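Novice:
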Amino acid sequence: MIYIFQYTNVVVRNQDVARVLIESQCLPGRRTLIPISENHRNNRYTIINDQSLQRAQRVAEKYHENVVRLLDMIEYPECVGNTFKAMCGQIIVVDSLDCAREVAYTDGVKSRTLTKRGDDVRPTGVMSGGVSEHSKTPIINAVSGIHKQLDEIKALRVELTDIRKYISATESKHTKYKELNSKLQESERRLAVYQSNMKTSQAGMVQQDIDNLKNEIEPVDAEIADASLKLAALQKKITDLESKKHNDTQLREKRKAEICKQLKEIEARTAANNDNAAKARRAVLQIQAAVDELRNTINNEKTQCEKKQEELRELEESLPAAEAAYEAASKEHKEVSAKLHALKTEQRTIVDRLAKVAKDITMMRKEEAKLKSKIEDKEKEVVRLKESELAHKKFAASLLKKCEWLVDEQAHFNKKGGIYDFDGYTANKGNTEVKEYTEKIEKLERSLCMKNVSNLDTCEAKVMDIKNKRAKLTEDFNILKKTIAVLDRKKTDEIHRAHESVNADFGKIFHCLLPDASAELVPPEGKTVCDGLEVKVAFNGVVKDSLHELSGGQRSLVALSLILAMLKFKPAPLYILDEVDAALDLSHTANIGKMIKAHFRDSQFIIVSLKQGMFSNADALFQTHFADGHSSCTLMSGAELKKLQTDKKLAAQATEVAEAEKEATKKPSKKSAKKAVQNTDDEME
């Protein structure tokens, strides 16, 4: 598991992986390895807050650009989250360099800002970038397309989350509807059971007894009514008889006894009927109380049933909308799932391709290693054969040294009919001849001085060694002459190329500093560029004979233009200029600032100056103070910076000096020109 970011930082799993990568030297250039196992110990990281990001966005809107956190453009696993947040949490990405400078230096933001081209602007005033290699694409531009796809995936994930939340909310309502529907069905079933059981239950039997008692009470009430009528008739008769008692006492007593007897019978029957009626009334009251209780229970059940039916109707009314929403959410869920599946499929395809490419690269590296080993073996074999060839050549040369007459006789070797015709010559024949010649040599050695023979061999060896050294020195001398000629040609070409570039930049820069003047580098008359160059300056088309005709300030501008033109041919990342405008007037100072803006867009300058013309063109101003034997430097911002950049008095002085210089250059006479030069020198003094 390896993650590479910021070009030089590599995140690895642990220290063992880092050690293996360092020892194998598989990463190009210098790299910083960050183990995750050690990184979790220090998890103090900060991410730029939303308030600062909004301020940066308001600044970027002036340039019609957007501000993005670099951390939001990177997709990384949680296992390396602390590392990425610590490295990229405070970095902002914009489009252009101008926007990056203003965002980085804005109060309330003060964060490191990158451009998609690769420029880096820090709030401390340090900037890097400006050089783009055509063969390489900046990494931020490379991941910009992936960043758009990540935004789409995040948006789809947010939509999927909302759909799932809506589905979960709908499912709860659907579940509640099912529960209430089941309760309603259960209540209806219970009501039907209650109604069916009412007839066979105790309440049903009581109701039936009540009906029977009502039927029995009706004849008793009729009898009571008849008895009351009879009682009224008897009382009427009693009154009649009392009126007649005076006439017939005996009849009256007899009739009275009968009437009393009948009255007692009627009272007894009335008392019995009254007792039965009281009992019946008490039973009716008890039954009515039970019936009322049952009616209340039935009414409560009916009320609950009506409430359940009303809830059921409400749920049935909301059910189609919920089902439609559920179907729409399901459809959207399917579409989002299909898109997500397609994206995952595409991601898997890309991962498979990357794995295949990595596998192919591994195979090619293995084949490359095998080929390298084979090449090394072949090279060793070639070296061995060359060494063997050299050894055989040395042996042959040593033989030739011993037998110098062979050198003269080599032209006659293998010629037919000659004494050196080796056709049909065999090894046995050669051995026989060698033996014969050896015997002859032994005979001759007896009569020769071997010391002189050994000295002869030594002298011949020294002579051959000197000849070989001479041949080698001659060969090396020829090689050196060829190399010197090639280097001289390259030097001449490089000098011509440098002259063309520096001359063009020299004229442009000097014309920017002095609009009515031009300058060029030309070789002296009758000589070439390699022999030397002269500076020619012209004002309004009139070429000056020498630099002595120029004022001190003009010569300073010529020297500054030449130096900057040469530096533009071989650019440096940073330039430091210390009061180059000290001997110049305000208009020339302003022209220097404009020239740097126009011709050195991709370079950084640190300029020490005391004039307003330079302040108005600066990206950042620092003011130095000296107090109590110590110097300090502070960044100027806000009202002080605006005051220096928009100082009307200094601007008016610069305008007056520029107009006076233009009027002086328009006069063709040499006297007026000399006076203008003298005035300029006086001003400089």
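Using full-length UniProt numbering, you'd call the opening residue of the sequence shown number 1 and step up by one each time.
Glycine is no exception: its CB is placed at the ideal position from the N, C-alpha and C atoms.
Since this is a predicted model, take the numbers as computed values, not measurements.
1. Do GLN304 and SER187 count as a contact pair if the criterion is CB distance below 8 Å?
2. If we ignore side chains and look at the alpha-carbon of each, how far apart do LEU21 and ASP360 end up?
3. Within the same chain, show all residues whose beta-carbon is closer than 8 Å to that of ILE167, passing over the 5 residues directly before and after it, in chain order.
4. Using the Cα positions of GLY418 and SER454, report the straight-line distance between them to the nearest angstrom.
5. Tell me, which residues are paired with ASP72 by DSSP?
6. How big is the Cα-Cα spacing for ARG353 and ILE74?
7. Determine contact between the segment 461 to 474 and the segment 534 to 551, defined as no fewer than three beta-carbon pairs at a distance below 8 Å.
8. When you compare only the Cα positions, how much space is there between GLN286 and ASN215?
9. Check each candidate in ASP619, ILE495, VAL543, VAL383 and name the one with the smallest Cα separation from LYS570.
10. Quick one: is TYR105 buried, meaning 16 or more other Cβ sit within 10 Å of its Cβ, or exposed?
11. Can you confirm whether the segment 80 to 97 touches the segment 50 to 69 when touching is taken to mean that 3 or more C-beta pairs between the two stretches lie within less than 8 Å?
12. Less than 8 Å between C-beta atoms, sequence neighbours within five positions excluded: which residues of the same chain meet that for GLY629?
13. So, using beta-carbon positions, are LEU184 and LYS308 closer together than 8 Å?
14. Whose C-alpha, out of ALA572, SER551, PRO123, ALA504, is nearest the C-alpha of GLN604?
15. Could you pull the start and end residues of the beta strand (DSSP E) that THR634 belongs to?
16. Going by the beta-carbon positions, is the gap between PRO35 and ARG13 smaller than 8 Å?
17. Going by beta-carbon coordinates alone, are ALA100 and VAL121 separated by less than 8 Å?
18. Give me the Cα-Cα distance between ALA627 and CYS633, rounded to the nearest whole angstrom.
19. Suppose the cutoff is 6 Å on Cβ atoms and the five residues either side in sequence are ignored; what does the same chain contact list for ARG44 look like?
20. Which partner residues of VAL12 appear in the DSSP bridge assignment?
21. DSSP three-state label for LYS415, please.
22. What number of angstroms, rounded off, separates the C-alpha of LYS261 from the C-alpha of ALA278?
23. Starting from LYS536 and walking both ways along the beta strand (DSSP E), at which residues does that stretch end?
24. What does DSSP give as the partner residues of ILE92 in its beta bridges?
25. Kindly indicate the opening and closing residues of the beta strand (DSSP E) around HIS625.
26. Excluding five sequence neighbours on each side, which residues of the same chain lie with their C-beta closer than 6 Å to the C-beta of GLU133?
27. Measuring only the C-alpha atoms, how far is LEU584 from ALA18?
28. Helix, strand or coil for GLN604? Go by DSSP, reduced to three states.
29. Could you check whether the segment 554 to 571 touches the segment 497 to 509, counting it as contact only if at least three pairs of C-beta atoms, one from each stretch, sit closer than 8 Å?
30. How big is the Cα-Cα spacing for GLU317 and GLU311?
31. Please work out which residues of its chain come closer than 7 Å, Cβ to Cβ, to LEU406, disregarding the five sequence neighbours upstream and downstream, and give them in chain order.
32. Label HIS548 either buried or exposed according to how many other C-beta atoms from any shown protein chain fall within 10 Å of its C-beta, with 16 as the threshold for buried.
33. Per DSSP, ASP457 is paired with what?
34. Relative to the C-alpha of ALA342, which residue among ILE153, ASN296, LYS85, ALA582 is closest?
35. Would ARG112 be called buried (16 or more neighbouring beta carbons within 10 Å of its own) or exposed?
36. Contact check, residue 688 vs ILE47 under 8 Å by CB: the rounded distance?
Specialist: Result, derived from the coordinates:
1. yes
2. 21 Å
3. TYR326, ALA329, SER330, HIS333
4. 32 Å
5. DSSP output for ASP72 lists no bridge partner at all.
6. Those two C-alpha atoms are separated by around 21 Å.
7. no
8. 17 Å
9. ILE495
10. buried
11. yes
12. none
13. yes
14. ALA572
15. 630 to 636
16. With contacts defined as CB atoms closer than 8 Å, PRO35 and ARG13 qualify as a contacting pair.
17. yes
18. 11 Å
19. Residue confidence for ARG44 is low, a pLDDT of 49 falling below 50, so the modelled location carries little weight; the figure read from the coordinates is stated next. The answer is none, since no qualifying residue turns up.
20. PRO35
21. Coil.
22. 25 Å
23. 534 to 539
24. ARG69, THR113
25. It spans 621 to 627 - the beta strand (DSSP E) in which HIS625 sits, taken as one unbroken run.
26. Low confidence applies to GLU133: its pLDDT is 49, below 50, so where it sits in the model is not reliable, and the reading given next is rough at best. There are no such residues.
27. Cα to Cα, LEU584 sits roughly 57 Å from ALA18.
28. strand
29. The segment 554 to 571 is in contact with the segment 497 to 509.
30. 10 Å
31. LEU400
32. Per the 10 Å Cβ criterion, exposed.
33. ASP457 is bridged by DSSP to nothing; it lacks a bridge partner.
34. ILE153
35. The residue is buried, with at least 16 neighbouring Cβ atoms inside 10 Å.
36. Beyond the ends of the chain as shown, which are 1 and 685, falls residue 688; an answer cannot be given.
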